[in-house]
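So the structure is just underneath, and the comments pick up after that.
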Amino acid sequence: MKHAPVKRLCSAMLPVLALSLTACASKPPPLPAALPALPPQPSLSTPLPPVSYSQTAAERIKSWRDRLTATQLMRGPSAMPGL
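Take the sequence shown: its position 60, counting from 1, is numbered 59 in numbering that gives the first Met the number 0, and each next residue is one higher.
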């Protein structure tokens, strides 16, 4: 006789679970009618730069770092570490 409340509870939870699952199942949004076009391929006749992009970037970063560390605020503390 102790199993009757458990059976009633399980039988009441089954429809609730089924309804909650169907409520969460929604249709995905429709795809757009026309997808955007891909950009054109790069030209093969365009000449490559004489210096690689990574070398140019490295030179610019080095000059930026040199200018940054050349300031008075950056030289002071690093000249006397630990003080």
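Glycine residues also receive a C-beta, built at the ideal position from the N, C-alpha and C atoms.
Reducing DSSP to helix, strand and coil, say where V5 ends up. To locate residue 5, count along the sequence shown from 1; it is residue 6. If DSSP states are grouped into helix, strand and coil, V5 belongs with the helices.
For K26, the first and last residue of its enclosing alpha helix (DSSP H): Here residue 26 corresponds to residue number 27 of the sequence shown, with the count starting at 1. Counting along the chain, K26 falls outside any alpha helix (DSSP H), and DSSP gives it neither H nor E.
T68 to E58 span [Cα, whole Å]: By one-based count along the sequence shown, residue 68 stands at place 69. By one-based count along the sequence shown, residue 58 stands at place 59. Whole-angstrom Cα-Cα distance: 15 Å.
Starting from S53 and walking both ways along the alpha helix (DSSP H), at which residues does that stretch end? For the purposes of this step, residue 53 is taken as the residue at position 54 of the sequence shown. Unbroken alpha helix (DSSP H) run through S53: Y52 to T68.
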